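Heads up: the sequence shown runs through residues 1 to 1211, numbered per full-length UniProt numbering.
Every residue, glycine too, gets a C-beta built ideally from N, C-alpha and C.
Owing to the predicted nature of the structure, the values given are computational and were not obtained by experimental measurement.
Reviewing the structure listed below.
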Amino acid sequence: MHIKSIKLHGFKSYGTETLIKDFNPQFNAITGLNGCGKSNILDAICFVLCQNSPTQFRADNMMDLVYKKGAGGIAFASVSIVFDNKNKNQSPINYKEKATIEVERRLAQGKSTYHINGAKVNQNVVQDMFRSIQLNIQSPHFLIMQGRITKVLNMKPEEIWNMVEEGAGTMVYITKRDATKRIMSDKEKRVMETQNILHQVIEPKIETLQKTRQEEIERNKAGRNIEKLQYNIAAKEAFDHKIHAEQIREERKLTKLRITELETQLAEAAEQLAAKAQQITELEHGDTDQSAALKVLEAAAAEARKKWSAIKAEIDSNRSLIEEEESAIEQCRRDIETKKVELVQLTERQAKIGEDLAAAEAKKGEMEGQVLRAQQAMAVIVTGVGGRDNADFGWKNQCTAAQEQLNELELRLNVVRGTLTNHRKQVATVSQESASKAQSHQKMLQNIQTLEQEIAVLREKHQSVQPAEGAAGGVDGIAAVRQEQRDLLGRKAHLENQIGHFENQMRSLEVPFRNGGQNRVDLSRVHGSIAKLFVIKEHEKFLTAIDGAAGGKIYQFVVDNEEVGKTVLDNVCRRVTLAPISRAKGHPMPDAQFRAVQQLVGANKVWRAIDCVTYEPKFRSIAEYTFGSTIICADIDTANTVAYDQSGRFHRPYCVTLGGDTVHPDGLVAGGSTTSRDNMQLNHVYKHRQFVQEYDELRVQLNAKQAQLADLERTETEVQRLNADIHQRTNQLNVLIHEAERNQGVRNLLDAERLKKEIQTLETELNDGEARREELTAKINDLKTKLSAENAVDLEKADAEKHEAKCRENVRKQTEAVNKVVQRQMECQTNIDNNLTASHTLTQEIADHKRRVAEYEAKILKKQETLAPVEAEHDQASKRYNDHRSGVAQKSVQLQEAHAEKRNMEKDRTKLNRDLDKAKSDLDAQKNQLKAIENRLNEELFKEHEWLGDEYTKLGTPESAYKVEEMNMAKMKQELEKCLKRRKELDRALGQETNCDFENIQRQYEELKEKNRTCHKDKEQLENIIQNLDIKKRDLIELAVTEVNKHFGKIFESLLPNANCMLEREKDSHGNLCEALRIRVALGNSKTKKDWLWKESLSELSGGQRSLVALSLILAMLKMNPAPVYVLDEIDAALDLSHTQNVGKMIRMHFKQSQFIVVSLKEGMFNNANIVFRVGFQDGVSKVTAKVNDKAALDDEADDAEEDGDEEDDE
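Written as structure tokens, this is what we have:
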């Protein structure tokens, strides 16, 4: 079995997935620069072989094996090795049928997982598999890492013995010997335990059995005493029950007499109550006529009040309608303003689209002209006819035109050069003439330039602060914004009046705190009236129905819990009703039942009241309390169908129609709503909420207008200041220029400055001209080259066709762009027309709203005229009703007194009934007591003590055998408890079967003796096993020393010719062989052993020779007990080139039965390898490349042939 490939991912320096394949079955070398990751490949092999010590990997902990310790974006380390398993002699146990074996170890988050051929296994399975083929990582004789040679050189003789012992595989014998000693120790412990049980347990128990007889006699005596006491107690208890039953029978006789007396008193009270009822009937009949007249007067007053309320409600309704119309007018005006702004934007957009259309059409015309010119060019090329007018057509014409442009450019450049020369001379002359007064003239000129620069800066600032085109700005813009602000303030005042009006209408929905009362209440836990907590989803549709469903509950105030409610009640000035959230409960109709209702009448005719409002989740219990299972129905027929349904599919609910009619499942039906929609508190809450929302939006708009006005005023102030500064500096500049014009020297300087600017312009023109000349020259040369070609005409024609096609494509694309702009223009015009139509419609709506406002105002005036006489009639009817009512009051007093006497008589009768019920209850209780006594006697005592049935009638008489009158129940029970306790102690001490205990102890005593004899016999057998193991170990080690010496000398001689070495057993002071081995080395030219010069110490050898000795010993041990794979890490570090070459040859020739993986930096080593893996370091990760050593393959064939020849010679 040997390694075929290794795959590393995230392991140490191998940050990316790296596959190292094509390992040779024999000699593999790994080389590379220091620090590139050579040894990390060997670490990867040890990692898969279950090495768990971080120090073996030169790391502090196992997670350091992850690439860059996990900081490189990789959180795991994975190594997978594929083994070739075709050689069945080296196959692991249980894996001989597998052609290849893949073992993978993955380390993540400090934990390792193992897989063999893809199946997950634990670490022990992997270790056992490798141990079976001599790859035990705990005893790694196959692993020769850096420093191993130095360690061998420094070994003492005893350590060399241990190394050979470990290589010989005697650890198996040592393990068995140690296990045998542990078994012997366990046997000795068992013998000691057996002896302790015999002396400490069994023998004391045998002595204790002699004392149990007396305790057995005492236990039997206690049992007889217990039986006697139980009989006496049962007789005493039966006698007590007998006496108690006789007492209860006497009490029952007295209770029956009391019941008879109470029934007589109740009959007398009933007669008196009937007489008083007759008296009340006569008083009520005498008052009937006056009551009838009072009802007539009450009906008249109610009718007058109804008329007055109707007129008042109609006036209020018209006023509400006027408010709505005015609100609609204001909304229409705002919409008109919005439409005007949109119209301006659309007009500007239409103008911009027009400009885009003109530009697009112009561009299209230009492109069409290009197409025409391209066609003309093609005609010129085909016909060969052209002139100056067709200079752009044809290469020849283009070349001629370019030559003419070049000639004109040369003339212009000559003119520019002459002008530059003249200007420079003039500037030099002026500079010489004004040199004496240059300082004063230059200062004036600098002042002029400074003022010009300041004016330019001020103009830029002035331009930057000016408002954008079309935006509000200047005095007119500020005036317009102020007008908008005044309009918004007027609307704000109107909204404040409306909000105040509705707040007055909703005073009953506010908590009536006393003065300062709200300061003593945590207002965050008081949530106001129920009416303010809900929002009706479809207000106009469900308003009346929700008002009827909620009823008076909308006036209740919601608090968190009862404690808050108590605090509120202590600080209010009138009676209120509170609804604590913690106690509020309701029972909404379940979904299943509601679906049944919808199936009954139709889904579009019924709604759950609680589903028609929205609320915060914390008020869910309040919503259920308010609306419960109320159903809103489309009409009264639907309500009757739902409320009186007899199918039983749902609990019949309370129903409210959209018109306000109510239907109760008990049969109660009420008419429509008694309050108009405009006077409903829920409608007031809705409108108040709307006005408050609009008021908040208006405040935001006012703040924005205020900020805009402030910005415009600041901008206007800044513009005025900049205008003043520009005007001031312009005047200063004019004064300086005037002075300069009168001063010849300054004029000369000004002319010089002008000439300098012209010089700069001419120099720029000259540079551009030079560049243009080069372009024209290159163009002429290019055209001449094209014209000189043999197929010039064909090339020119193809070029022209290509140019014409391109121009046509451009025209097509531009036509599509023009069509898109036209489409946008049409859409914008449509939007403008729609805007104008909408504005006209809004204007008409404003006129309609104003007309309706006038109609409502006329109705209010008309109703106010009829209100005064109706109100007078209402006052007169109320006065007549109150006068007549006072006359009836006297009769009512008499009637009330009669009723009071009747109530007192009813109270007395009620008291008698309670006494009678109590007496009957006592009689029933006495009956139950007698029954309980009989049950106790019959069901318990008589069944438990059958003898008591005959003895019961004799108890308490001289005939009875039990003197129950003299017995003390408490004393007998106390004595019985003592006897039971003593017998329990004796039972616990004696056990169930005393004789059985004695037999068990005797049996245990014999069994322990037998176990003792067995343990002594086992100990003798184990001592024989240990002796046999020691003999086998000694024989195996002697064989191992012989085998190592056999290869030790041969290997050392192949590495260092004319030299020999061996292992020699040391002797103690008595001349006996001890477990220690010493290395002996001989150097010389003689072939006979007796003539070799044996060194007394390894210190007499050179450093290289000592390294060869240690290496030879290590390789000899490898030959003794070969493993399928050997791993060597820079074993040639201390060897020179020739010795390294010998080591490589020796491995290649003498270790063909195993696979070697060697890390080396020397050519002498890896030149002998069958394949060389070179490791490099690129981009922060290690990279591996492989190269087959053809020379080594040829040497292998030669070696094989040489070995075959040697074998023939040996035969």
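Check                                                                                                                                                                                         : Outcome
Is the beta carbon of H539 less than 7 Å from the beta carbon of Y686?                                                                                                                        : yes
Assign I217 to buried or exposed, taking buried as 16 or more other Cβ atoms, counted over all protein chains shown, within 10 Å of its Cβ.                                                   : exposed
For L749, does the count of other Cβ atoms within 10 angstroms reach 16, so buried, or fall short, so exposed?                                                                                : buried
Which value, in whole angstroms, describes the spacing of the CA atoms of D833 and Q825?                                                                                                      : 12 Å
Grab me the residues of L413's own chain with a C-beta within less than 8 Å of its C-beta, minus the 5 sequence neighbours each way, in chain order.                                          : L766, G769, E770, R773
Which of the three DSSP states is assigned to Y14 in this structure?                                                                                                                          : strand
Can you have a look at W947 and say buried or exposed, based on whether 16 or more other CB atoms are within 10 angstroms of its CB?                                                          : exposed
What span of residues does the beta strand (DSSP E) with H1150 cover, start to end?                                                                                                           : Note, H1150: premise wrong, no beta strand (DSSP E); alpha helix (DSSP H) at 1137 to 1150.
Just the C-alpha distance for A360 and H423, rounded to the nearest angstrom, thanks.                                                                                                         : 47 Å
Whole angstroms are fine: how far does the CA of L980 sit from the CA of N968?                                                                                                                : 18 Å
Ordered along the chain, which non-local residues of its own chain (more than five positions away) have a Cβ less than 6 Å from that of E104?                                                 : S80, H115
Sort K927, H141, M62, A99 by Cα distance to G110 and report the nearest one.                                                                                                                  : M62
What whole-angstrom Cβ distance do T730 and I499 have, given they're in contact under 8 Å?                                                                                                    : Not a contact, Cβ separation roughly 57 Å.
Counting only the same chain and skipping the five closest in sequence on each side, list residues whose C-beta sits under 8 Å from that of E916.                                             : For the sequence presented, residue 916 should be read as Leu rather than Glu. Cβ neighbours of L916 beyond the five flanking positions: I259, L262, E263, L266.
Taking the beta carbon of L836 as the centre, do at least 16 other beta carbons fall within 10 Å, making it buried, or is it exposed?                                                         : exposed
Report the residue ranges of all alpha helix (DSSP H) runs contained in full by the UniProt domain "SMC hinge" (524 to 643); include only those spanning at least 4 residues, in chain order. : 539 to 550, 562 to 569, 591 to 601, 620 to 627, 636 to 643
Over the uninterrupted beta strand (DSSP E) stretch that includes N1060, give me the two end residues.                                                                                        : 1059 to 1067
How far does the beta strand (DSSP E) with F513 in it extend, from its first residue to its last?                                                                                             : Neither: F513 is in no beta strand (DSSP E) and is coded neither H nor E.
Buried or exposed, going by whether 16 or more other CB atoms sit within 10 Å of the CB of G516?                                                                                              : exposed
On a CA-only basis, which of N810, N928, N1167 is nearest E366? Give me that one, please.                                                                                                     : N810
May I have the straight-line CA-CA distance separating T194 from I1025, to the nearest angstrom?                                                                                              : 25 Å
Considering only the beta carbon of each residue, do R219 and L986 sit closer than 7 Å?                                                                                                       : yes
Are the CB atoms of K187 and D1068 nearer to each other than 7 Å?                                                                                                                             : no
Checking 7 Å against the spacing of the C-beta atoms, do K621 and P588 come in under that value?                                                                                              : Going by the sequence as given, residue 621 is Ser instead of Lys. No, the Cβ-Cβ distance between S621 and P588 is not below 7 Å.
Classify A108 as helix, strand or coil using the three-state DSSP reduction.                                                                                                                  : strand
Going by other Cβ atoms of all chains shown within 10 Å of its Cβ, with 16 needed for buried, is I1031 buried or exposed?                                                                     : exposed
If I'm right that residue 1212 touches V481 with Cβ under 8 Å, what's the distance once you round it to whole angstroms?                                                                      : Any answer about residue 1212 is impossible in this case: the structure gives the chain only from 1 up to 1211.
What does a CB cutoff of less than 8 Å around H462 pick up in its chain, not counting 5 residues either side in sequence?                                                                     : V719, L722, N723, I726
With DSSP as the reference, please indicate the residues paired to D1129 in a beta bridge.                                                                                                    : V1159
Grab me the residues of I233's own chain with a C-beta within less than 6 Å of its C-beta, minus the 5 sequence neighbours each way, in chain order.                                          : M972
So, do the segment 651 to 661 and the segment 544 to 553 have three or more beta carbon pairs nearer to each other than 8 Å?                                                                  : yes
Taking the straight line between their C-alpha atoms, what separation do you get for T638 and C655?                                                                                           : 9 Å
Let me confirm a value: M192 is counted as buried when at least 16 other C-beta atoms fall within 10 Å, else exposed. Which label applies?                                                    : exposed
Does the pairing of the segment 118 to 136 with the segment 1121 to 1130 give three or more beta-carbon distances under 8 Å?                                                                  : yes
With DSSP collapsed to three states, give me the class of Q1178.                                                                                                                              : strand
Going by beta-carbon coordinates alone, are N1058 and F27 separated by less than 7 Å?                                                                                                         : no
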